[in-house]
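Data first, discussion second: the structure below is written as structure tokens.
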Amino acid sequence: MPLPLLDKTGNFGWQPDIRTLASSASSDAVLNVHRDGIPLGHDTCSGMEHSPFLLFQASVDVELSQLSARIRSIEVDMTELRCTEPSASERTGGLVSRDISEKLKAIESRCDNEEKCMCRSNLPFFGIEDDSSDTWSSAENKVLEMCSERLGITIDLAKIERAHRMGKYSSGKC
1 MPLPLLDKTG NFGWQPDIRT LASSASSDAV LNVHRDGIPL GHDTCSGMEH SPFLLFQASV
61 DVELSQLSAR IRSIEVDMTE LRCTEPSASE RTGGLVSRDI SEKLKAIESR CDNEEKCMCR
121 SNLPFFGIED DSSDTWSSAE NKVLEMCSER LGITIDLAKI ERAHRMGKYS SGKC
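Residue 110 in UniProt numbering sits at position 110 of the sequence shown, with consecutive numbering throughout.
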């Protein structure tokens, strides 16, 4: 098997193995090979410029240069794609924010509907005396008294969910 070596001028070459040198008349045989696998000269061994190893080496070098060119082309394409195509996080970020906005609108709509339904069951009463010590139960009792005395309606206490004052207490306010 030939061994890689550098000749006196710094060019890369191949040194034939001992068996090849034994059949040769000279022991200083060196074949210079260009980096692309193209032979630059002849060695003193006859027929070395057409050896199967050199043909194989040349085909490997050609294949390697073609692969390198393809890799460079793919790298250029990838760079262009990175520059022109928005990243996945940017695309999904927009989708996520849009989805969140839609869900928020749906929740707000449901809250509005619930508030409207709650307002349907509300009955405001005006003219009931305000007291600084009013509690929910005292407010309920005042409403029940007003309904029975002034309106002649009897209301079951269990049907009242909550009775409360609206606004702050102020003396003399009804």
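Glycine included, C-beta positions come from ideal geometry on N, C-alpha and C.
Check: Expressed to the nearest angstrom, what Euclidean distance is found between the alpha-carbon atoms of Phe126 and Ser101?; Outcome: 41 Å
Check: In angstroms with no decimal places, state the Cα-to-Cα distance between Lys159 and Lys116.; Outcome: 19 Å
Check: Excluding five sequence neighbours on each side, which residues of the same chain lie with their C-beta closer than 7 Å to the C-beta of Ala139?; Outcome: Ala163, His164 and Arg165
Check: Classify Asp112 as helix, strand or coil using the three-state DSSP reduction.; Outcome: helix
Check: Between Thr154 and Arg98, what straight-line distance do the alpha-carbon atoms span, to the nearest angstrom?; Outcome: 52 Å
Check: Out of curiosity, what's the CA-to-CA distance linking Cys119 and Asp134?; Outcome: 23 Å
Check: Give the DSSP-derived three-state secondary structure of residue 177 in the structure shown.; Outcome: Residue 177 is absent from the structure shown; the chain starts at 1 and stops at 174.
Check: Less than 8 Å between C-beta atoms, sequence neighbours within five positions excluded: which residues of the same chain meet that for Ala106?; Outcome: none
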